[in-house]
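Residue numbers (our numbering): 27 to 983.
We put the beta carbon where it would ideally sit given N, CA and C, even for glycine.
Below is one structure, written out as structure tokens; comments come after it.
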């Protein structure tokens, strides 16, 4: 961008956010006014230097700025917050809404006509406003008016289809990562990869012949991502809720401290498939659920593909998927500690996948024992472990304070928030406003059906209710929507593939009815009812949607289903090889897929409350606040602290048991942590924080960063493959993750104690086979080859059952996955395997002492996978105890008391203790927790009839 250019996007496409003449398009603000003023002009002036009331940008000293001139909508004309009266009404886009009553049957406040009680639990009519609105949303980003915005909607339905090729061109209200394209387009190819997002994709290759899906009043969103569920538990909501609330998850899990136990039992595979369908019908395409079944949802905590048990449906997000750890402290039997880290077991940092995310359940509770879990897993307590980093997402994280939240922000960790379940169990939830303010990426998950939400739309309703009534509208509509799209992708480390509509991402897409939310299209998702979900696509493939639309897209194996008066089809046959009728017959009495016009049956309330006066489980514990959650005349935020004593009188911040009787104010400036702009810096109106949309803080948004998790502000990319130098291990161009040609040395040599190539796809050229077994073979660099640099790290195991290679073959392998198989680096399942030549000479075995290559020996790691020879050996044990994952009989023996001789390549006759070997030759292998020597034939075992060398044996010991 040079001279007078306002932008330069490197193309000649108009209406894509930068015009052909390198000027910015006219932007329509969130209130649908025509020109938001000098700040959003095409550049006629430089704009004012200070804050301007009415420009939809809230800047100090403004308390708010909603970009309109409507009084009483939450933000007044002078950019101050609307006053809330004595607990009977709250500002809501000009509509009076009760501020003094619980959430409506766990969902919405009612219309404000009663004296503080919830109504029967009805939802708003589908055709009206979709529910109570908290006020104008100042955070949706610019709305770009595109040519398609003038298209008339079809009658009937939301979308019309013009048949064409297998590519798809969708026109509608496009929710892009940082803007809305009203009448914009998304183009994706038959392989389900998005090629274009903008105002006009018609000039792109394949667009002219693509099947056209036109939805003028359809909101086109990324498919929703649920980063927290326990989907194998489908018993239905807990029916025994009273005023009892808990302080720690083991209280309800185990019935500790005299509490009522809550039980749920593992469900059948059919019930799990039913639960996945329920999520799909809410626009969800991916889940981290601690289980799952093949088909329908992408199970992000499972492998990319599998024959059973759930998988990512080919997403390729990590070898084994993310690590979903429910008990990182080994405390499943109820261990609670208020100090120290003497838990049964603490997950080590090696449990964090190098190619995916680590979602760990920590600090679920509001007492000190919950806080202590974080201290022992974040490096704060040196007797614990440090699991906190950019790949880590803390699931729950209720019992944290500002210092712990700040530590999460500084490490780039995420929070996965599940408010409905938290409020139902503990009467409180994670302090998400502080997390957001300090720069922690926050995502939203359902937890489980027992105490949480039935799907993400219901969890969004809960989050929206808390945000509007209790959190002073901390999150804009766009930010709430991001909790289940981009933020969830960041938390699960899948943001390079899903979570936003951008070129190169996978076409996981959900389309919703716009209804009356032209002013804030993101709210069409937040407020969606079951019948408002128009289409769910996974990788461009229809899973569910409007009957006529699904049929027009050519989907087969789909069954009709009426959803709240709307005609829908569910496409189960291609996914789970059965019909809807068959799945229904296997789930008699199962919790329904959807509810019409009423809140879901038994859904827990989202109104925070700890009001029990029962001495067995009192609401107040260790000086904590007792509260009903209902705003009152002298307690406008409903947190049980009178306004005159409340350090955040307009922000819900009760005293928790872990707070020791005081509302937290970490910097002592009188403003409570919950509402303090800078909770660690007294009297500061401005506070720098980490930006979750820029995961590596290099100034380049994650959605456009060529190294999204590695700091590289210059975006250097020497080989031009789209991956920046800072995170590109491949020395040659390999666009779109194509296999990188590597040497064995590159794969095996550790860096900072780990193998950086794990999770990458590679190719090996002209490597020599040294030993073969039924499950795979070993290859090695021969000393005669160019580039040979010694025996260390020169050998590797290739996992390839059914191979036909033999020792002495030279082979090429293409598109193999590098894996860490319980401590052994392997090259796994090469797609191509070609024998270049056979009967080549093998390298001379490396002479070593037994103790050098035994478990823990000084050369054991570098010679793993290498042909070695050990001389002068005595058998000291036969059939040693099996290592981890092994079983008896092991068919192993031990020599010199230190080195195991194994049978994975050749099973030798079992010797007796005291037998002697002149030498044993074989490939050194790490297997079942031990370093082992693998003879390849009887020729590798040379029997010795003479006495062993005593001096050598003493040295070995």
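Identify whether residue 660 lies in helix, strand or coil by the three-state DSSP scheme. coil
What separation, rounded to the nearest whole angstrom, lies between the Cα atoms of residue 438 and residue 420? 11 Å
Determine the extent of the beta strand (DSSP E) in which residue 568 is found, giving its start and end residues. 567-572
Helix, strand or coil for residue 723? Go by DSSP, reduced to three states. coil
What does a CB cutoff of less than 6 Å around residue 554 pick up in its chain, not counting 5 residues either side in sequence? 483 and 538
Quick check: the segment 673-692 against the segment 389-400, are there 3 or more CB pairs under 8 Å? yes
With the cut-off set at 8 Å, would you say residue 329 and residue 347 are in Cβ contact? yes
Could you check where the alpha helix (DSSP H) with residue 429 kicks off and where it finishes? 428-437
Give the DSSP-derived three-state secondary structure of residue 536 in the structure shown. strand
Taking Cβ positions, are residue 467 and residue 413 nearer each other than 8 Å? no
Need the endpoints of the beta strand (DSSP E) that residue 170 sits in, please. 169-171
Should residue 938 go down as buried or exposed, given a rule of 16 or more other Cβ atoms within 10 Å for buried? exposed
At the level of alpha carbons, what is the spacing between residue 267 and residue 661? 26 Å
If you count every other CB in all the chains shown that lies within 10 Å of the CB of residue 671, and 16 or more means buried, which is it? exposed
Burial state of residue 810, where buried means 16 or more other Cβ atoms lie within 10 Å: exposed
Should residue 870 be labelled buried (16 or more other beta-carbon atoms within 10 Å of its own) or exposed? exposed
Inspect the beta-carbon positions of residue 465 and residue 722 and report whether they are closer than 8 Å. no
Among the residues of its own chain, which have a CB less than 7 Å from the CB of residue 742, if the five just before and after it don't count? 750 and 751
Please classify residue 129 as buried or exposed, where buried requires at least 16 neighbouring CB atoms within 10 angstroms. For residue 129, the predicted structure reports a pLDDT of 37, less than 50, and the residue's modelled location is therefore unreliable. A value from the coordinates is still provided. Buried: at least 16 other Cβ atoms inside 10 Å.
Apart from the five residues on each side of it in sequence, which residues of its chain come closer than 7 Å, Cβ to Cβ, to residue 540? 199, 243, 244, 245, 547 and 550
How about residue 326 and residue 308: are their beta carbons less than 8 Å apart? no
Cα-Cα separation, residue 104 to residue 639: 45 Å
So is residue 69 buried or exposed if we call it buried at 16+ other beta carbons inside 10 Å? Note that residue 69 scores 34 on pLDDT, short of 50, meaning its location in the model is unreliable; the coordinates nonetheless yield the value given after this. The residue in question, residue 69, is exposed, as its Cβ has fewer than 16 Cβ neighbours within 10 Å.
Pick out whichever of 916, 917 and 922 has its Cα sitting closest to the Cα of residue 902. 922
Would you call the segment 623-642 in contact with the segment 376-386, where contact means no fewer than 3 C-beta pairs closer than 8 Å? no
Quick one: Cα of residue 876 to Cα of residue 786, how far? 34 Å
Rounded to the nearest angstrom, how far is the Cβ of residue 254 from that of residue 442, given a contact under 8 Å? 5 Å
Identify, in the order they occur along the chain, each residue of the same chain with its Cβ nearer than 7 Å to the Cβ of residue 233, setting aside the five sequence neighbours on each side. 195, 213 and 227
Tell me which residue opens and which closes the beta strand (DSSP E) that residue 195 is part of. 191-201
Three-pair Cβ contact test at 8 Å for the segment 397-407 versus the segment 343-357: yes
Opposite residue 585 in the DSSP bridges: which residues? 596
Rounded separation between residue 964 and residue 802 - CA only: 20 Å
Taking all protein chains shown into account, decide if residue 566 is buried (16 or more other Cβ within 10 angstroms of its Cβ) or exposed. buried
Closest to residue 190 by CA distance: which of 210, 175, 215 and 178 is it? 215
Give me the Cβ distance between residue 311 and residue 303, rounded to the nearest whole Å; I'm assuming they're in contact under 8 Å. Their Cβ separation, rounded to whole angstroms, is 12 Å, which puts residue 311 and residue 303 out of contact at 8 Å.
Got a sec? Which residues, its chain only, sit under 7 Å from residue 820 by beta carbon, not counting five neighbours each side? 770, 771, 806, 807 and 892
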